[in-house]
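*Asks:* If you read the protein sequences in the order shown, they are chains X and C.
If you read the first sequence in the numbering used here, its first letter stands for residue 2, the second for the next number, and so on.
If you read the second sequence in the numbering used here, its first letter stands for residue 179, the second for the next number, and so on.
Every residue, glycine too, gets a C-beta built ideally from N, C-alpha and C.
Take this structure first; my questions come after.
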Amino acid sequence: MSDLKADLTLDNSGLSCPMPIIKTKKAMDGMKVGEILKMIATDPGSVSDIQAWVKKTGQELVGQETEGNKFVFYIRKVK
Amino acid sequence: MSEESAKRLAIIATHGTLDMAYPPFILSTAAVAMEMEAAIFFTFFGLEILKKGKIDKLKVSPVANPAMPMKIPNIIAMLPGMTPLATIMMNSWMRKAKVPKLSELLETALDMGVRLIGCQMTMDVMGVKKEDLIDGIEIGGAATFLEFASQNAITLSF
């Protein structure tokens with residue numbers, strides 16, 4: 002999973018709902034199609050929220066892992 | 179995104195209390211992050227949230243609020259000083275959980291383009307003037323809200 006190369010890393014550690022998805026959206030808006038965002042969060046709710054977010058926005062969750070208390074998401078911008 | 183998926187979130191905020199002010203801002207900013215449009219209609223006591231300098235001073239009442247983690251009988255909760263005490267406690271729990279302050283969520287909402295609509299009728303009833311309310315909001319009535327809500331919207335009331 003971690004061999005995925007991220008074009009941008011966004012650390013949302015310590016932030017609670019709804020900030021991780023708001024910051025993810027803002028970061029993705031500034032990226033090009035095909036690029037991958039690595040988003041790190043400590044909010045356990047973000048596991049479900051990121052899945053819902055990609056489903057609604059049509060972006061792609063290409064990888065997900067847990068490192069200690071951190072949740073790491075790799076999201077590819079597809080549109 | 180499926181074609182039937184709602185495109186808008188239309189919220190009515192009727193309470194000017196700390197606990198009831200949070201959900202409209204959390205949900206509306208999340209909706210815009212999910213590429214939906216969002217609007218909040220502030221009516222009756224909910225208009226208090228839009229008054230200049232008020233948003234971070236909203237309170238939560240321990241009276242008739244059995245879900246408060248601090249269990250106090252109503253007869254004690256009604257005593258002077260208990261509402262400020264409950265408010266201090268709730269604010270400290272929110273800070274500990276790193277939940278943004280309401281003023282920060284308000285700024286985020288405005289920045290993201292959430293429409294904040296103050297109710298004209300409430301302003302007339304409560305004697306509130308436009309200059310008493312924060313900048314960047316709209317003033318409107320039921321039709322303003324319903325026109326927005328009538329197009330493919332989820333509607334919630336708090």
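Closer than 7 angstroms by C-beta to residue 79/X: which residues in its own chain qualify, once you throw out the five before and the five after it? Chain order, please.
*Replies:* Counting only Cβ-Cβ distances below 7 angstroms, and skipping sequence neighbours, we find 34, 59, 60, 61.
*Asks:* Determine which residues of the region 248 to 277 of chain C have a Cβ less than 8 angstroms from any Cβ of chain X, and write them out in chain order.
*Replies:* Those residues of the region 248 to 277 of chain C that come within reach of chain X (Cβ to Cβ, closer than 8 angstroms) are 275, 276, 277.
*Asks:* Assuming residue 294/C and residue 220/C form a contact by the criterion Cβ under 8 angstroms, report the distance between their Cβ atoms to the nearest whole angstrom.
*Replies:* Going by Cβ atoms, the distance from residue 294/C to residue 220/C rounds to 7 angstroms, so yes, they are a contact pair.
*Asks:* What separation, rounded to the nearest whole angstrom, lies between the Cα atoms of residue 312/C and residue 71/X?
*Replies:* The alpha-carbon atoms of residue 312/C and residue 71/X are separated by roughly 38 angstroms.
*Asks:* Just grab the DSSP bridge partners of residue 328/C for me.
*Replies:* None, per the DSSP bridge assignment.
*Asks:* Considering only the alpha carbon of each residue, which of 235/C, 214/C, 192/C lies closest to residue 292/C?
*Replies:* When each option's Cα is compared against that of residue 292/C, the closest is 214/C.
*Asks:* Per DSSP, which one or two residues make a beta bridge with residue 9/X?
*Replies:* In DSSP, residue 9/X forms a bridge with 38/X.
*Asks:* With distances taken from CA atoms, which of 18/X, 7/X, 10/X is nearest residue 276/C?
*Replies:* The candidate whose alpha carbon is nearest that of residue 276/C is 18/X.
*Asks:* Do residue 321/C and residue 188/C have their beta-carbon atoms positioned less than 7 angstroms apart in this structure?
*Replies:* The answer is no: Cβ separation not under 7 angstroms.
*Asks:* Between 16/X, 5/X, 6/X, which has its C-alpha nearest residue 282/C's C-alpha?
*Replies:* Ranking 16/X, 5/X, 6/X by Cα distance to residue 282/C puts 16/X first.
*Asks:* So, with DSSP's three-state summary, where would you put residue 336/C?
*Replies:* Of the three classes helix, strand and coil, the one that applies to residue 336/C here is coil, per DSSP.
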